[in-house]
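Trainee:
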Amino acid sequence: MLMTVNQATATSVGSAVVEARKLGLTFQTNDGPVRALSDVNLTINKGEFVSFIGPSGCGKTTFLRVIADLEQPTEGTISINGMTPEQARQARAYGYVFQAAALFPWRTIESNVGLPLEIIGLSKAEQQERIKRTMDLVNLTGFEKKYPWQLSGGMQQRASIARALAFDADLLLMDEPFGALDEIVRDHLNEQLLRLWRQTNKTICFVTHSIPEAVYLSTRIVVMSPRPGRVTDVIESTLPTERPLDIRESPEFLAIAARVRDGLRAGHSYED
Amino acid sequence: MDRLRDRVFPVIAILLVIVAAWYAFAVYMNAPFQRDLDRRAGLTPGTVEFIGKTLSQPKPTMPAPHQVAQNFFENTFLRKVTSARSLVYHSWVTLSSTLLGFTFGTALGILIAVGIVHVIALDRSLMPWIIASQTIPILAVAPMIIVVLAAIGITGLIPKALISTYLSFFPVAVGMVKGLRSPDLMHLDLMHTYNASASQTFWKLRVPASVPFLFASMKVAVAASLVGAIVGELPTGAVAGIGAKLLAGSYYSQTIEMWAALVAGSVVAALLVVLVGFVGRVVERSMGGRPA
Chain A
1 MLMTVNQATA
11 TSVGSAVVEA
21 RKLGLTFQTN
31 DGPVRALSDV
41 NLTINKGEFV
51 SFIGPSGCGK
61 TTFLRVIADL
71 EQPTEGTISI
81 NGMTPEQARQ
91 ARAYGYVFQA
101 AALFPWRTIE
111 SNVGLPLEII
121 GLSKAEQQER
131 IKRTMDLVNL
141 TGFEKKYPWQ
151 LSGGMQQRAS
161 IARALAFDAD
171 LLLMDEPFGA
181 LDEIVRDHLN
191 EQLLRLWRQT
201 NKTICFVTHS
211 IPEAVYLSTR
221 IVVMSPRPGR
231 VTDVIESTLP
241 TERPLDIRES
251 PEFLAIAARV
261 RDGLRAGHSY
271 ED
Chain B
1 MDRLRDRVFP
11 VIAILLVIVA
21 AWYAFAVYMN
31 APFQRDLDRR
41 AGLTPGTVEF
51 IGKTLSQPKP
61 TMPAPHQVAQ
71 NFFENTFLRK
81 VTSARSLVYH
91 SWVTLSSTLL
101 GFTFGTALGI
111 LIAVGIVHVI
121 ALDRSLMPWI
131 IASQTIPILA
141 VAPMIIVVLA
151 AIGITGLIPK
161 ALISTYLSFF
171 PVAVGMVKGL
181 RSPDLMHLDL
191 MHTYNASASQ
201 TFWKLRVPAS
211 VPFLFASMKV
221 AVAASLVGAI
231 VGELPTGAVA
241 GIGAKLLAGS
251 YYSQTIEMWA
261 ALVAGSVVAA
271 LLVVLVGFVG
281 RVVERSMGGR
291 PA
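For the protein sequence lines, the chains are A and B, in the order given. Going by UniProt numbering, 18 is the number at position 18 of the first sequence; the sequence numbering is gapless. Going by UniProt numbering, 128 is the number at position 128 of the second sequence; the sequence numbering is gapless.
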């Protein structure tokens, strides 16, 4: 199913941050070409929280990496804040959170959070100020001088979110950031992430393969299916902005979750 | 106590086995000559007396451990360090060219590794030559280096150090290529998202990631440097150094002296490896390494 170009809704609060038109990406592998993305049309507006969900190989991570200029599309166009991905990367338009925390083990937490600031070349004072602010935002105050191995997995991932937030880009790209964490830590971090999103009014693209996580966090859920990776459904969330964890038992939540599940199943039906 | 039981005891046990076997071999190997001596002198010593004699020959085929230990002790602690008989003096001569060669070798190895990691042409062209360089027997190359350098007026410490360099750059180059390439893709992607320059990626990611590899390869390199320095002393006709001591010992059948020099060389090698390991641990600790 092909989605319409600009699905402006009540939840979209501003202009387009990411615009993809007929976007496609084919990897040349030893086993022949693999179509990772095919005919993706998507507009993400400022202030949205968009989740990408689908089975492995559906291209959700690839799409995120195209936005981040870590992969180059082979068909179609994509713009970020009106720029090409490369220009956007050079303008440091986004922060990227990887599947693993990917902290440098030889740096303390504060020095890890300060890494992008060092690279941009901010003054020491400015670095300190921003480190303090972002560490505070992810509730890691007091752990500045610790090394990554001294922190739990959840805290490490929070530090990596702080690092992505440090240079204050409006767009946050998150690639299954909580995939490796246990359910309890994950719930906690989801709650914190929502709070952070409301506080900072950032645009967030969030890749996951957990249906409850996608429904709980998002204002919009993009369901994708593999071979070739494509968008099969886009679901607008009707949940309120204020979301306590127990909203996950509400009928409204369950209805959205059911639709996501249907979308995933439909994407799989042609297999085998 | 645990440390004593877990680490010291096993080492001591093996040492005792070696010493016992060494004594047995010393008796066995020195016996024919001793029997010959006794026969000419018309002596018929008892077994105990005979064994005692095999272990106290002045130029034995195989010196007994206590003879080597005594010689080592006398020549290390009882002589002035400026004396030509002092093992400290000879060790220092060898150590100085070892350290110079090790410094050259480490610098060269790092330089080669940086080149290989950053320049594709070097990656393709240099590695086979580096590997080939180590298949050439150093004993064959060493005299040529000495002769060629002497022809252009370079003698003394530098030629010996260069032979050490030849042996020590290899482990450092190979280790550092691996170390500089050790950052995983996610870390490299991360630097890419920050639009970091190649030099920022190098200094902030590749260099710190390679530090453990550097120290591991430096441990191998420092031992190789010592071997290089000793080998370098053999064809130079050097009058000082552990290599010279070994050579002189073999000319005059001073087996005890040779073994003592060998022990001195081993002690120097062990000290160097331990020292590099210690510096490595200090550096890793200062880089936030988890205490083992």
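Even glycine gets a Cβ: it sits at the ideal position worked out from N, Cα and C. Please read these numbers as outputs of a predicted model, since none were measured by experiment.
#1: Which partner residues does residue 205/A have in the DSSP bridge list?
#2: Can you pull the chain A neighbours of residue 28/B, defined as C-beta to C-beta under 7 Å?
#3: Using a C-beta cutoff of 8 Å, does residue 87/A count as contacting chain B?
#4: For a contact meaning CB atoms closer than 7 Å, what does residue 119/A contact in chain B?
#5: Just checking: is the beta-carbon of residue 16/A within a distance shorter than 8 Å of some beta-carbon in chain B?
#6: Within a Cβ cutoff of 6 Å, which residues of the same chain sit near residue 116/A, ignoring the five residues on either side of it in sequence?
#7: Verify whether the separation of the beta carbon atoms of residue 280/B and residue 202/B is less than 8 Å.
#8: Nearest to residue 284/B by alpha carbon, out of 192/A, 147/A and 206/A?
#9: I need the DSSP call for residue 35/A, collapsed to helix, strand or coil.
#10: Measure the CB-CB distance between residue 63/B and residue 230/B and report whether it falls below 8 Å.
#11: Can you tell me whether residue 78/B is helix, strand or coil according to DSSP?
#12: Quick one: what does DSSP say residue 40/B is sitting in, helix, strand or coil?
#13: Find out if the Cβ-Cβ distance for the pair residue 193/B, residue 261/A is shorter than 8 Å.
#14: Can you have a look at residue 243/A and say buried or exposed, based on whether 16 or more other CB atoms are within 10 angstroms of its CB?
#15: Taking CB distances under 8 Å as the criterion, tell me whether residue 230/A reaches chain B.
#16: Of the choices 211/B, 20/B and 254/B, whose alpha-carbon is the least far from that of residue 288/B?
#17: Starting from the C-beta of residue 260/B, find all residues in its chain whose C-beta is less than 7 Å away, skip the five residues before and the five after it, and write them out in chain order.
#18: Report back the beta-carbon spacing between residue 20/A and residue 40/A to the nearest angstrom; my notes put them in contact at under 8 Å.
#19: Which one or two residues does DSSP pair with residue 96/A in a beta bridge?
#20: List the residues of chain B that residue 177/A touches, going by C-beta distances under 9 Å, in chain order.
#21: Let me confirm a value: residue 164/B is counted as buried when at least 16 other C-beta atoms fall within 10 Å, else exposed. Which label applies?
#22: Output the boundary residues of the beta strand (DSSP E) element that contains residue 22/A.
#23: Decide if residue 80/B is buried, meaning its Cβ has at least 16 other Cβ atoms within 10 Å, or exposed.
#24: When the cut-off is 8 Å and only beta carbons count, does residue 108/A lie next to chain D?
#25: Going straight from the alpha carbon of residue 78/A to that of residue 161/A, what length do you get?
#26: Between the alpha carbons of residue 23/B and residue 92/B, how many angstroms are there, rounded?
#27: Under three-state DSSP, which class holds residue 45/A?
#28: Could you check where the alpha helix (DSSP H) with residue 207/B kicks off and where it finishes?
#29: If you draw a straight line from the alpha carbon of residue 20/B to that of residue 111/A, how long is it in whole angstroms?
#30: Are the segment 98-106 of chain B and the segment 161-177 of chain B touching by the rule of at least three beta carbon pairs closer than 8 Å?
#31: Straight-line CA distance for residue 185/B to residue 68/A?
#32: Apart from the five residues on each side of it in sequence, which residues of its chain come closer than 8 Å, Cβ to Cβ, to residue 268/B?
#33: Compute the beta-carbon to beta-carbon distance between residue 218/B and residue 172/B, rounded to the nearest angstrom, for a pair I have assumed lies under 8 Å.
#34: In the structure shown, what three-state DSSP assignment does residue 76/A receive?
#35: Starting from residue 187/A and walking both ways along the alpha helix (DSSP H), at which residues does that stretch end?
#36: Looking only at C-alpha atoms, which of 225/A, 74/A, 170/A and 176/A sits nearest to residue 197/A?
Mentor: Judging by the given coordinates:
#1: Here residue 205/A refers to the residue found at position 205 when the first sequence is read from its first residue. Looking at the DSSP assignment, residue 205/A forms a beta bridge with 50/A and 173/A.
#2: Translated into positions along the second sequence, residue 28/B becomes position 28. Residues of chain A whose Cβ lies closer than 7 Å to the Cβ of residue 28/B do not exist, since the nearest Cβ in that chain is about 55 Å away.
#3: For the purposes of this step, residue 87/A is identified with residue 87 of the first sequence, where counting begins at 1. Cβ-Cβ to chain B under 8 Å: no for residue 87/A.
#4: Stepping through the first sequence from its first residue, residue 119/A is reached at position 119. Chain-order list of chain B residues neighbouring residue 119/A: 194, 196 and 200, by C-beta distance under 7 Å.
#5: To locate residue 16/A, count along the first sequence from 1; it is residue 16. Taking 8 Å as the threshold, the shortest C-beta distance from residue 16/A to chain B does not fall below it.
#6: As a working mapping, residue 116/A is identified with position 116 in the first sequence. Apart from the 5 residues on each side of it in sequence, residue 116/A sits with its Cβ closer than 6 Å to the Cβ of 166 and 167 in its chain, given in chain order.
#7: The residue you call residue 280/B lines up with position 280 of the second sequence. The residue you call residue 202/B lines up with position 202 of the second sequence. One thing to note: residue 280/B has its Cβ no nearer than 8 Å to the Cβ of residue 202/B.
#8: To locate residue 284/B, count along the second sequence from 1; it is residue 284. Closest in alpha carbon position to residue 284/B, among 192/A, 147/A and 206/A, is 147/A.
#9: Taking the first sequence and counting its residues from 1, the one referred to as residue 35/A is at position 35. The three-state secondary structure of residue 35/A, taken from DSSP, is strand.
#10: Locating residue 63/B in the second sequence gives position 63, counting from the first residue. Locating residue 230/B in the second sequence gives position 230, counting from the first residue. Contact: no.
#11: For the purposes of this step, residue 78/B is identified with residue 78 of the second sequence, where counting begins at 1. Residue 78/B: coil per DSSP, three-state reduction.
#12: Numbered from 1 along the second sequence, position 40 holds the residue referred to as residue 40/B. Three-state result, residue 40/B: helix.
#13: Walking along the second sequence from the start, residue 193/B turns up at place 193. Walking along the first sequence from the start, residue 261/A turns up at place 261. With a cutoff of 8 Å on beta-carbon distance, residue 193/B and residue 261/A are scored as not near each other.
#14: For the purposes of this step, residue 243/A is taken as residue 243 along the first sequence, with counting starting at 1. Buried: at least 16 other Cβ atoms inside 10 Å.
#15: Taking the first residue of the first sequence as position 1, residue 230/A is located at position 230. At a cut-off of 8 Å, the C-beta of residue 230/A has no neighbouring C-beta in chain B.
#16: Your numbering for residue 288/B matches position 288 in the second sequence. Of the listed residues, the one whose Cα sits closest to residue 288/B is 211/B.
#17: Taking the first residue of the second sequence as position 1, residue 260/B is located at position 260. So the list reads 68, 71, 72, 75 and 87, once near-sequence residues are dropped.
#18: As a position in the first sequence, residue 20/A is number 20, starting the count at 1. As a position in the first sequence, residue 40/A is number 40, starting the count at 1. Their Cβ separation, rounded to whole angstroms, is 5 Å, which keeps residue 20/A and residue 40/A in contact under 8 Å.
#19: Looking up residue 96/A in the first sequence gives position 96. In the DSSP output, where bridge partners are listed per residue, residue 96/A has 173/A.
#20: Indexing the first sequence from 1 puts residue 177/A at position 177. Under the 9 Å cutoff, chain B gives no residues; its nearest Cβ is about 12 Å from residue 177/A.
#21: Residue numbering aside, residue 164/B sits at position 164 when the second sequence is read from its first letter. By the 10 Å Cβ count, residue 164/B comes out buried.
#22: As a position in the first sequence, residue 22/A is number 22, starting the count at 1. Where residue 22/A is concerned, the enclosing beta strand (DSSP E) starts and stops at 16-29.
#23: As a working note, residue 80/B is residue 80 in the second sequence. Exposed, because fewer than 16 other Cβ atoms sit within 10 Å of the Cβ of residue 80/B.
#24: Absence of chain D from the displayed structure is noted, the protein chains being A and B.
#25: In the first sequence, counting from the first residue as 1, residue 78/A sits at position 78. In the first sequence, counting from the first residue as 1, residue 161/A sits at position 161. If you draw a straight line from the Cα of residue 78/A to the Cα of residue 161/A, it is about 25 Å long.
#26: As a working mapping, residue 23/B is identified with position 23 in the second sequence. As a working mapping, residue 92/B is identified with position 92 in the second sequence. About 30 Å.
#27: In the first sequence, the residue the question calls residue 45/A occupies position 45. Shown here, residue 45/A sits in a strand according to DSSP, grouped into three states.
#28: If you number the second sequence from 1, residue 207/B lands on position 207. Counted as a single uninterrupted DSSP element, the alpha helix (DSSP H) harbouring residue 207/B occupies residues 207-233.
#29: What you label residue 20/B is simply residue 20 of the second sequence in a count that begins at 1. What you label residue 111/A is simply residue 111 of the first sequence in a count that begins at 1. If I take the Cα positions, the gap works out to 57 Å.
#30: Between the segment 98-106 of chain B and the segment 161-177 of chain B there are three or more C-beta pairs closer than 8 Å, enough to call the two in contact.
#31: Locating residue 185/B in the second sequence gives position 185, counting from the first residue. Locating residue 68/A in the first sequence gives position 68, counting from the first residue. Residue 185/B and residue 68/A have their alpha carbons spaced roughly 15 Å apart.
#32: Position 268 of the second sequence, counted from the first residue, corresponds to residue 268/B. Taking C-beta separations shorter than 8 Å and ignoring five residues to either side along the sequence, the partners of residue 268/B in its chain run 91, 94, 95, 98, 226 and 242, following chain order.
#33: Translated into positions along the second sequence, residue 218/B becomes position 218. Translated into positions along the second sequence, residue 172/B becomes position 172. Right, the Cβ-Cβ distance comes to about 6 Å (below 8 Å), so this counts as a contact.
#34: Reading the first sequence from its first residue, position 76 is the one you call residue 76/A. Strand.
#35: Mapped onto the first sequence, residue 187/A falls at position 187. For residue 187/A, the enclosing alpha helix (DSSP H) starts and ends at 183-200.
#36: The residue you call residue 197/A lines up with position 197 of the first sequence. Per the Cα distances, 170/A.
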